[in-house]
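Before any comments, here is the structure.
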Ligand code: FES
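Numbering (our numbering), first residue to last: 23 to 124.
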């Protein structure tokens with residue numbers, strides 16, 4: 023199996039019960055999965071997009087984590103913001119304005 027170069031994790035607030043309920047999901051994180059997935063494909067990025075359970079920084083959600091750089095982005099709600107994260111991945115940079123951790 024060939025590993026992808028990037029992994030985009032999008033918090034969807036899943037709980038142990040399997041339900042998606044929590045801050046990120048309530049702020050529209052579910053639609054972010056589709057947007058990221060479609061745009062990763064459109065851009066031809068070697069990246070996988072995954073929905074996650076709560077990442078325990080709910081007040082800063084919706085939260086997006088990009089590996090392998092371990093970049094934690096918060097307050098991502100618009101397509102423009104998601105595009106900036108994808109631009110950063112594509113260029114090897116960082117969308118510093120949305121970082122919630124160093
Ligand atoms: S629900 Fe997303 S960080 Fe907790």
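Just so you know, even glycine gets a beta-carbon here, dropped at the ideal spot from N, CA and C.
> Candidates 102, 103 and 93: which alpha carbon is nearest residue 116's?
Replying inline: Its Cα nearest to that of residue 116, the residue 93 stands out among 102, 103 and 93.
>> With DSSP as the reference, identify every bridge partner of residue 74, one or two as the case may be.
In response: In DSSP, residue 74 forms a bridge with 33.
> Per DSSP, residue 28 is paired with what?
Replying inline: Checking the DSSP bridge columns, you'll see residue 28 partnered with 69.
>> Can you tell me whether residue 88 is helix, strand or coil according to DSSP?
In response: The answer is strand: DSSP assigns residue 88 an E or B state.
>> What residue range does the alpha helix (DSSP H) around residue 108 cover?
In response: Boundaries of the alpha helix (DSSP H) around residue 108: 101 to 113.
> Would the C-beta of residue 51 count as close to the ligand FES, meaning under 8 angstroms from any of its heavy atoms?
Replying inline: For residue 51, the shortest separation between its Cβ and any heavy atom of the ligand FES lies below 8 angstroms.
> Using a Cβ-Cβ cut-off of 7 angstroms (strictly less than) and excluding sequence neighbours within five positions of residue 121, which residues of its own chain qualify?
Replying inline: Cβ neighbours of residue 121 beyond the five flanking positions: 93, 94 and 95.
> Roughly how many angstroms lie between the CA atoms of residue 77 and residue 33, to the nearest whole one?
Replying inline: The straight-line gap from Cα to Cα measures roughly 7 angstroms.
> When you compare only the Cα positions, how much space is there between residue 61 and residue 108?
Replying inline: A straight line joining the alpha-carbon of residue 61 with that of residue 108 spans about 8 angstroms.
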